[in-house]
Ligand code: DP6
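Numbering (UniProt numbering), first residue to last: 1 to 322.
And the structure:
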């Protein structure tokens, strides 16, 4: 039996990944840019055990079946293919995201699984190779291999990995946890439906490719206001292209909209913050680290808030892979 443990953190995209060029390889239609959060880690242990007849996946103490178990087993098949073995494994994963938060990010989950599984199966992969591997589990996981700011490239299987970007300044994210009370449609299905039916999809792809280049430049130049404007605009464009799918999908709740409005009002009042939201009702405000508590205080009237500084990249067996 061989065993390895890895820890990864979720990331929030400033320029979003929403659409695939290849669903089998999980290649994105455009590149994307994110910040890895210093909160809500996922810890995953993989034990390769030749006495097992099938893979076992235990999440927060509960053995999983159905889609989560199958996605994990398919991912382990990839790792086994690279390692040249058929041995099954037991995967035990713990995440620390508040359960109603909808941030139970597959990004941290597959980044941690990639690190732990590669190590347990005896593979020696670079951070770039781990990013390509994590991408196969969930696209956004490619970015959680790295701490701080990361850019995930579009391209073919060889070219599509994330790499670190310089932090534009000392920034933070304030996560406003909005419980919609509704069961959400998965981002995977919503992404597929958007690409297949939203008439705005081609415009979303061409505009996001341009936004990514502008946002990358804003990071390098330390232009926080420009990066923030691009972030908020890109999120609203993503939600627009999603709403235009047929049947329509709407992730933002009235509270989410109120949070976007509040962030804009704070900005008008001189407290610099910019809002974004993933495939759910939570809103995340990007701001300067020094302003994070003040922003959290202001948004606290509308939702529970958690302040996140930029977090670390993937750690495997106690060592950073970067
Ligand atoms: C809205 O990475 O969960 O968070 O590749 O199908 O697993 P799959 O999708 P996933 O989608 C993330 C979508 C997003 C935007 C982003 O993180 O860039």
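In this text, a Cβ means the ideal position worked out from N, Cα and C, and glycines have one as well. Quick caveat: nothing in here was measured; it's all calculated off a predicted structure.
State the beta-bridge partners of residue i as determined by DSSP.
i	result
residue 32	152
residue 22	27
residue 266	Partner(s): none; residue 266 has no beta bridge.
residue 177	304
residue 310	37
residue 320	315
residue 90	47 and 56
residue 288	171
residue 6	44 and 316
residue 276	284
residue 13	34
residue 163	151
For a quick check, are the C-beta atoms of residue i and residue j less than 8 Å apart?
i	j	result
residue 97	residue 174	no
residue 79	residue 117	yes
residue 232	residue 275	yes
residue 321	residue 145	yes
residue 224	residue 267	no
residue 15	residue 230	yes
residue 30	residue 167	no
residue 121	residue 48	yes
residue 135	residue 26	yes
residue 169	residue 292	no
residue 4	residue 138	no
residue 76	residue 314	no
residue 106	residue 140	yes
residue 277	residue 256	yes
From residue i to residue j, what does the alpha carbon distance come to, in whole angstroms?
i	j	result
residue 309	residue 37	6 Å
residue 147	residue 312	4 Å
residue 196	residue 1	45 Å
residue 253	residue 263	16 Å
residue 132	residue 300	38 Å
residue 94	residue 205	35 Å
residue 228	residue 108	24 Å
residue 250	residue 55	36 Å
residue 295	residue 149	21 Å
residue 83	residue 33	31 Å
residue 243	residue 188	15 Å
residue 22	residue 269	44 Å
residue 143	residue 202	24 Å
residue 307	residue 286	10 Å
residue 53	residue 88	7 Å
residue 319	residue 220	28 Å
residue 348	residue 215	This structure cannot speak to residue 348, because the chain is shown only from 1 to 322.
residue 245	residue 18	13 Å
residue 218	residue 212	10 Å
residue 237	residue 158	29 Å
residue 304	residue 85	46 Å
residue 60	residue 90	14 Å
residue 114	residue 193	27 Å
Query raised in the report: Are at least three pairs of beta-carbons, each pair with one atom in the stretch 6–13 and one in the stretch 24–41, less than 8 Å apart?
Result: yes
Query raised in the report: Hey, is the stretch 148–160 in contact with the stretch 114–128, meaning 3+ C-beta pairs nearer than 8 Å?
Result: Contact check between the stretch 148–160 and the stretch 114–128: fewer than three CB pairs, one atom from each, fall below 8 Å, which does not count as touching.
Requested in this report: For the stretch 31–84, list the alpha helix (DSSP H) runs that are entirely contained and at least 4 residues long, ordered along the chain.
Outcome: Within the stretch 31–84, the complete alpha helix (DSSP H) runs of at least 4 residues are 66–83.
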